[in-house]
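Colleague: Questions regarding the structure given below will be posed in turn.
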Ligand code: PEP
Ligand code: MG
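In this note's numbering, the protein residues as written are 252 to 848.
In structure tokens:
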């Protein structure tokens, strides 16, 4: 089989079409199906007049979209240069052309001028300029220049996509079993995928801890990210195999390769069936310590999967989905209905509803330009910081949560808390909303839901005692805790190798948080991706964690591991691990413990 890194081979004297592309496997599973390559094409764009007073804002909106498009191209370029020369050359040339066009005054400058002179929206201005430039280029009798027309269109389409933040709605029209291949997919794009229709997806950029990866895992869609040559070297309609575990894409596979992968699919299915039998068995260690296993929900439709996996509740409901893929904000009633359905679906089991955690890589069209782009979005306006700046939006969400809490046990969880003061302010707002709802005679639970905080900022872990006194429970978000502790972007595949929740600094912060929760007698759980990886179970249990929340699909495998662990030796091994300062030694101590189970 040809790969990105090996030369072509001959089989039976003919040149096989089959070739492999490697990327980062972020969501396990194997899919075989027809490729659907998402093209960067200028489709229909909205066109409208703007008042003179909005011209400046419109130009700023255009500049911000151009900057985002440029960053996307830079990311693709960085990724492409790490590929073998022969493959990288064409790709880099094309991306350089795109980067040039995104800086060229011919396109961007001309579009700005058009907005100012004709008072039209930025999308329409870009579209008009691109058509004009493309027409002139096509008219030149030079093959090379004519061939660059496509680049102009693609660069324009990139800008328009960032302007409209338009998701790939076309997913709904895909043939069953299609494998989506795109430059980049946002968490909002991924949320639109129906696992019955999309059997896998592949992108040029993206890392294993990104929200897109989390969404793929929770929908159970195999995915490979960080495969830069894929969108341009795979034709729509070609047969493709995606191995989301190995991070491999096989294009135009030969019959024997398809047969091999089909056998792997059968073996996986057998394993899944065996694991499904664990559903009714207790999540209990060998020495009878009960471990609470909760599910993380990204989308309401996952309630069924949580139930099937035997989740004892929802440890993290990410409410961002309610704000994605829509242009207007959800009303209190709409939010209440959605939440009520989830609470009722969990039939008496607790549901931990996290307030809106937008910002960073999680953007929501409905919020418009309320979250301006900044140089370091992960450190900027995000999560609770945003909610406290937008009290109306926050109060609406709290009201919806409180109303849903009348239908079953609910806990409220605050994302990205970094100070005690933030919790105090939220409690005041919450009490105000409760009084207002009481005046409206709206049915509410007898006692207000517990109010918890996510520990995902290192500073929060270090003041955990104070936060424990101000709140009712902790949920440790190891995804962000690892990112912020080690200063590694969780979504960037270039630094993915440095992202390590087993880094001693991360482990010590988790341990300090767990110890503080115990001292203050409040529940503590882990709800980052670390909780769903069986390998980490001994060190987490050994540090005193008794509650884990993960994608529903991970529950059986984690439960299986837990049932093989004795708490006392796990605690001794965790102690030995926490004495280490070397990441490699920590991994070895943990793997050795797991092997002995
Ligand atoms: C985390 O940061 O670990 C977490 C659970 O939150 P999210 O992944 O949504 O940022
Ligand atoms: Mg987080």
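Even glycine gets a Cβ: it sits at the ideal position worked out from N, Cα and C.
Note that the coordinates shown come from a computational prediction; the quantities given were computed from them, not determined experimentally.
Who's in the neighbourhood of the ligand MG, going by beta-carbon under 5 Å from any heavy atom, listed in chain order?
Modeller: Chain-ordered list of matching residues: 707, 728 and 731.
Colleague: Compute the Euclidean distance between the alpha carbons of residue 708 and residue 599, then round it to the nearest angstrom.
Modeller: So the alpha carbons of these two residues sit roughly 31 Å apart.
Colleague: Confirm the yes/no value for this check: CB of residue 468, any heavy atom of the ligand PEP, distance under 7 Å.
Modeller: Residue 468 Cβ: outside cutoff for every heavy atom of the ligand PEP.
Colleague: In whole angstroms, what separates the C-alpha of residue 298 from that of residue 289?
Modeller: Using only the alpha carbons, I get a separation of about 23 Å.
Colleague: With DSSP run on the structure shown, which of helix, strand or coil describes residue 285?
Modeller: Three-state DSSP puts residue 285 in a strand.
Colleague: From residue 832 to residue 755, what does the alpha carbon distance come to, in whole angstroms?
Modeller: So the alpha carbons of these two residues sit roughly 6 Å apart.
Colleague: For the alpha helix (DSSP H) that contains residue 315, what are its first and last residues?
Modeller: Its alpha helix (DSSP H) spans residues 306-332.
Colleague: For residue 691, count neighbouring C-beta atoms within 10 Å of its own C-beta (all shown protein chains included) and say buried if the count is 16 or more, exposed if not.
Modeller: With fewer than 16 Cβ atoms within 10 Å of its Cβ, residue 691 is classed as exposed.
Colleague: Work out the CA separation of residue 821 and residue 748 for me, nearest whole Å.
Modeller: Straight-line Cα distance between these residues: approximately 27 Å.
Colleague: Go through its chain and collect everything with a Cβ distance to residue 425's Cβ below 8 Å, but skip five positions before and after it.
Modeller: 287, 431, 448 and 449, listed in sequence order.
Colleague: Return the residue from the list 784, 806 and 817 that minimises the CA-CA distance to residue 795.
Modeller: Residue 817 is the option with its Cα nearest to residue 795.
Colleague: Output the distance between the C-alpha atoms of residue 445 and residue 553, rounded to the nearest integer angstrom.
Modeller: So the two alpha carbons sit approximately 12 Å from each other.
Colleague: Considering residue 725, what are the terminal residues of the alpha helix (DSSP H) in which it resides?
Modeller: Counting along the chain, residue 725 falls outside any alpha helix (DSSP H), though it belongs to the beta strand (DSSP E) covering 724-727.
Colleague: Evaluate residue 843 with the Cβ neighbour count: other Cβ atoms within 10 Å of its Cβ, from every protein chain shown; 16 or more gives buried, anything less gives exposed.
Modeller: Classification of residue 843: exposed, given that the 10 Å Cβ count is below 16.
Colleague: Grab me the residues of residue 330's own chain with a C-beta within less than 8 Å of its C-beta, minus the 5 sequence neighbours each way, in chain order.
Modeller: If we look at residue 330 and ignore the five residues flanking it on each side, its Cβ neighbours are 455, 456, 477, 479, 744 and 745.
Colleague: Write down every uninterrupted run of the alpha helix (DSSP H) in the stretch 669-714 whose length is 4 residues or greater and which is fully enclosed by it, in chain order.
Modeller: Within the stretch 669-714, the complete alpha helix (DSSP H) runs of at least 4 residues are 671-690 and 709-713.
Colleague: Just mark residue 578 as buried or exposed, buried being the case when its beta carbon has 16 or more other beta carbons within 10 Å.
Modeller: So residue 578 ends up on the exposed side.
Colleague: Note down, in chain order, each residue of its chain lying with its Cβ closer than 7 Å to the Cβ of residue 527, except the 5 sequence neighbours on either side.
Modeller: Cβ neighbours of residue 527 beyond the five flanking positions: 807.
Colleague: Under the assumption that residue 610 contacts residue 632 (Cβ atoms under 8 Å), give the Cβ distance between them as a whole number of angstroms.
Modeller: Confirmed, Cβ separation roughly 5 Å.
Colleague: Among 595, 438, 539 and 415, which residue has its Cα nearest to the Cα of residue 815?
Modeller: Nearest option by C-alpha distance: 539.
Colleague: For residue 520, does the three-state DSSP call read helix, strand or coil?
Modeller: The answer is helix: DSSP assigns residue 520 an H, G or I state.
Colleague: Identify whether residue 798 lies in helix, strand or coil by the three-state DSSP scheme.
Modeller: Three-state result, residue 798: strand.
Colleague: Locate the alpha helix (DSSP H) running through residue 566, then write down its first and last residues.
Modeller: Where residue 566 is concerned, there is no enclosing alpha helix (DSSP H), although the beta strand (DSSP E) it sits in stretches over 565-569.
Colleague: Residue 547 bridges to which residues according to DSSP?
Modeller: DSSP lists 567 and 802 as partners of residue 547.
Colleague: Does residue 280 come out as helix, strand or coil in the three-state DSSP assignment?
Modeller: The answer is coil: DSSP assigns residue 280 none of H, G, I, E or B.
Colleague: Fully enclosed by the stretch 417-468, which alpha helix (DSSP H) runs are 4 residues long or longer?
Modeller: Taking only runs of at least 4 residues, the alpha helix (DSSP H) segments lying wholly in the stretch 417-468 are 438-442.
Colleague: Looking only at its own chain, which residues have a Cβ that is under 6 Å from the Cβ of residue 846, when we skip the five neighbours before and after it?
Modeller: Around residue 846: no qualifying Cβ.
Colleague: Measuring only the C-alpha atoms, how far is residue 778 from residue 411?
Modeller: Distance between the alpha carbons of residue 778 and residue 411: 36 Å.
Colleague: Bridge partners of residue 613, per DSSP?
Modeller: Answer is 610.
Colleague: What did DSSP end up calling residue 840 once you bin it into helix, strand or coil?
Modeller: Three-state result, residue 840: helix.
Colleague: Could you tell me the boundaries of the beta strand (DSSP E) in which residue 490 lies?
Modeller: Residue 490 -> beta strand (DSSP E) spans 490-494.
Colleague: Does residue 586 come out as helix, strand or coil in the three-state DSSP assignment?
Modeller: In this structure, residue 586 counts as helix in the three-state DSSP scheme.
Colleague: Going by C-alpha distance, which of 805, 752, 696 and 701 is nearest residue 835?
Modeller: Minimum Cα distance to residue 835 is reached at 752.
Colleague: By the three-class DSSP mapping on this structure, what secondary structure does residue 662 have?
Modeller: Strand, per DSSP.
Colleague: Let me know if residue 541 comes out buried or exposed under the rule of 16 or more other beta-carbons within 10 Å of its beta-carbon.
Modeller: Classification of residue 541: exposed, given that the 10 Å Cβ count is below 16.
Colleague: Regarding residue 465 and the ligand PEP, is the C-beta to nearest heavy atom distance less than 7 Å?
Modeller: At least one heavy atom of the ligand PEP is nearer than 7 Å to the Cβ of residue 465, so yes.
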